[in-house]
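Trainee: Residue numbers (my numbering), protein chains in the order written: chain A, 134 to 255; chain B, 134 to 255.
Okay, here's the structure, questions in a sec.
There are 2 protein chains.
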Amino acid sequence: MLIGDVAKQSGLTVDTLRYYEKIGLIAPPMRNDGGRRVYGDDVLGWIRFLEQLNATGMKQADRIRYAALRRRGDETLTERREMLELHRKTVAAKLALMQDTLALMDRKVAAYHDMERKAKGH
Amino acid sequence: MLIGDVAKQSGLTVDTLRYYEKIGLIAPPMRNDGGRRVYGDDVLGWIRFLEQLNATGMKQADRIRYAALRRRGDETLTERREMLELHRKTVAAKLALMQDTLALMDRKVAAYHDMERKAKGH
DNA sequence: CTACAAGCTGGAGTGCACTCCAGCTCAAGC
DNA sequence: GCTTGAGCTGGAGTGCACTCCAGCTTGTAG
Numbered sequence: 134m135l136i137g138d139v140a141k142q143s144g145l146t147v148d149t150l151r152y153y154e155k156i157g158l159i160a161p162p163m164r165n166d167g168g169r170r171v172y173g174d175d176v177l178g179w180i181r182f183l184e185q186l187n188a189t190g191m192k193q194a195d196r197i198r199y200a201a202l203r204r205r206g207d208e209t210l211t212e213r214r215e216m217l218e219l220h221r222k223t224v225a226a227k228l229a230l231m232q233d234t235l236a237l238m239d240r241k242v243a244a245y246h247d248m249e250r251k252a253k254g255h
Numbered sequence: 134m135l136i137g138d139v140a141k142q143s144g145l146t147v148d149t150l151r152y153y154e155k156i157g158l159i160a161p162p163m164r165n166d167g168g169r170r171v172y173g174d175d176v177l178g179w180i181r182f183l184e185q186l187n188a189t190g191m192k193q194a195d196r197i198r199y200a201a202l203r204r205r206g207d208e209t210l211t212e213r214r215e216m217l218e219l220h221r222k223t224v225a226a227k228l229a230l231m232q233d234t235l236a237l238m239d240r241k242v243a244a245y246h247d248m249e250r251k252a253k254g255h
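Set out below in structure tokens:
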């Protein structure tokens, strides 16, 4: 898999993939004879997970820290678990807030509907 | 209420409040004899709502658009309702994604726990 | 053998959302 | 009446997370 294929399948751009490598989010892949990056299929799953951490609001610095731990292998399992447990808390809080906001928007939408109906009615 | 009080009660900084006014998120308040901003209590509720839109991922440009509509009064009710209904959809989607990620993290945490137990066990 | 698409590096540029600063005025306490 | 804290304006600076570019090399199709 060359970088363009990874881009297509992951939805990231080639620039972003090289940038992620530079900052340590993705491990430097093997190179072929021409010096080009050759990725294994596993990178796609990893990118998907990174995106999920991203979408749940984990900061770049923490994702980099997690990625670094992951590259060090099984000896970092505990640390990674602790990071996930911590992040889980913040995600749960954010989730609750979003649910509140959803409910608030529903109330507002209903109220606006009501006011529109009344405005029409005279 | 002077700007410092609003800052204290809303959690925003005075700089951010003036910035929000500049970009149109908050309507320019009255001024006292000394030329200082004097806010009504209602601004606090409005800021809280802005924060919720923010926290649910609405972009600045859209919040500005919503704020502009709000300032124009009741004639914009329908537009505002439509904006909220649209945003509601994206929030609901994000919510689902976050719930997935939460579940994924729980599975990972459990798996890591398992591996830590096994590693200890020999 | 010649286009030309895709990849490479190092570094500069971008957009967003603030955040800070200089140099000033205003208000309240001693 | 002087000090000190809060507020004012216009504009510059910051941090994050990319995004783009110049100038080069490599690989494939006609």
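Where a beta carbon is used, it is the ideal one built from N, C-alpha and C, also for glycine.
Where L237 (chain A) and T234 (chain B) are concerned, what is the direct C-alpha to C-alpha distance, given to the nearest angstrom?
Mentor: Locating residue 237 (chain A) in the first sequence gives position 104, counting from the first residue. Locating residue 234 (chain B) in the second sequence gives position 101, counting from the first residue. C-alpha separation (whole angstroms): 24 Å.
Trainee: Would you kindly work out how many angstroms separate the C-alpha atoms of V147 (chain B) and R196 (chain B), rounded to a whole number?
Mentor: Walking along the second sequence from the start, residue 147 (chain B) turns up at place 14. Walking along the second sequence from the start, residue 196 (chain B) turns up at place 63. Spanning the two alpha carbons is a distance of roughly 19 Å.
Trainee: In this structure, does DSSP put R181 (chain B) in helix, strand or coil?
Mentor: Counting from 1 along the second sequence, the entry for residue 181 (chain B) is found at position 48. Three-state DSSP puts R181 (chain B) in a helix.
Trainee: I'd like to know whether the C-beta of L150 (chain B) is nearer than 9 Å to at least one C-beta of chain A.
Mentor: Translated into the one-based positions of the second sequence, residue 150 (chain B) becomes position 17. It does not: the Cβ of L150 (chain B) has no partner Cβ on chain A nearer than 9 Å.
Trainee: Considering Cα atoms alone, identify which of A:T209, A:L186, A:L158 and A:L135 is closest to D166 (chain A).
Mentor: Residue numbering aside, residue 166 (chain A) sits at position 33 when the first sequence is read from its first letter. Among A:T209, A:L186, A:L158 and A:L135, the Cα nearest to that of D166 (chain A) belongs to A:L135.
Trainee: Once you ignore the five residues that flank V224 (chain B) on each side, which residues in its own chain have a CB closer than 6 Å to its CB?
Mentor: Residue 224 (chain B) sits at position 91 when you count from the first residue of the second sequence. Same-chain partners within the cutoff: T189.
Trainee: Tell me where the alpha helix (DSSP H) around E249 (chain B) begins and ends.
Mentor: Your numbering for residue 249 (chain B) matches position 116 in the second sequence. Taken as a continuous stretch (DSSP letters only), the alpha helix (DSSP H) holding E249 (chain B) covers L210 to K253.
Trainee: In whole angstroms, what is the alpha-carbon distance linking R258 (chain B) and R164 (chain A)?
Mentor: No statement about residue 258 (chain B) is possible, as the shown extent of chain B runs from 134 to 255 and does not include it.
Trainee: How many whole angstroms separate the CB atoms of H209 (chain B) and L219 (chain B), which I take to be in contact at a CB cut-off of 8 Å?
Mentor: As a working mapping, residue 209 (chain B) is identified with position 76 in the second sequence. As a working mapping, residue 219 (chain B) is identified with position 86 in the second sequence. According to the sequence shown, residue 209 (chain B) is Thr rather than His. Actually they are not in contact, since the Cβ atoms of T209 (chain B) and L219 (chain B) sit about 15 Å apart, beyond 8 Å.
Trainee: Does any C-beta atom of chain A lie closer than 9 Å to the C-beta of D207 (chain B)?
Mentor: Looking up residue 207 (chain B) in the second sequence gives position 74. D207 (chain B) counts as touching chain A.
Trainee: Would you mind sorting I180 (chain B) into buried or exposed? The rule is 16 or more other CB atoms within 10 Å of its CB.
Mentor: Position 47 of the second sequence, counted from the first residue, corresponds to residue 180 (chain B). Burial call: buried.
Trainee: Output the distance between the C-alpha atoms of G168 (chain A) and I159 (chain A), rounded to the nearest integer angstrom.
Mentor: By 1-based counting over the first sequence, the position of residue 168 (chain A) is 35. By 1-based counting over the first sequence, the position of residue 159 (chain A) is 26. So the alpha carbons of these two residues sit roughly 18 Å apart.
Trainee: Using a Cβ-Cβ cut-off of less than 7 Å, give me the residues of the region 164-198 of chain B that come near chain A, in sequence order.
Mentor: If the cut-off is 7 Å between Cβ atoms, the region 164-198 of chain B has Q185, A188 and T189 near chain A.
Trainee: Taking 9 Å as the CB-CB cut-off, is D138 (chain A) touching chain B?
Mentor: Against the first sequence, residue 138 (chain A) aligns to sequence position 5. For D138 (chain A), the answer is no, since every Cβ of chain B falls outside 9 Å of its Cβ.
Trainee: Go ahead and pull the three-state DSSP assignment for R205 (chain B).
Mentor: Numbered from 1 along the second sequence, position 72 holds the residue referred to as residue 205 (chain B). DSSP places R205 (chain B) in helix when its eight states are reduced to three.
Trainee: When you check each C-beta in the region 221-249 of chain B against every C-beta of chain A, which residues fall closer than 8 Å?
Mentor: Within the region 221-249 of chain B, the qualifying residues are R221, V224, A225, K227, L228, L230, M231, Q232, D233, T234, L235, L237, M238, D239, K241, V242, Y245, H246, M248 and E249.
Trainee: Taking the alpha-carbon positions, what's the L228 (chain B) to A140 (chain A) distance?
Mentor: Position 95 of the second sequence holds residue 228 (chain B). Position 7 of the first sequence holds residue 140 (chain A). Cα to Cα, L228 (chain B) sits roughly 26 Å from A140 (chain A).
Trainee: Do you know how far the Cα of R240 (chain A) is from the Cα of Q232 (chain A)?
Mentor: Numbered from its first residue, the first sequence carries residue 232 (chain A) at position 99. Numbered from its first residue, the first sequence carries residue 240 (chain A) at position 107. Those two C-alpha atoms are separated by around 13 Å.
Trainee: Looking only at DSSP bridge pairs, what is R169 (chain A) linked to?
Mentor: Start at 1 with the first residue of the first sequence, and residue 169 (chain A) comes out as number 36. Per DSSP, none; premise fails for R169 (chain A).
Trainee: In angstroms, rounded to a whole number, what distance separates the CA positions of A200 (chain A) and G157 (chain A)?
Mentor: Looking up residue 200 (chain A) in the first sequence gives position 67. Looking up residue 157 (chain A) in the first sequence gives position 24. Using only the alpha carbons, I get a separation of about 7 Å.
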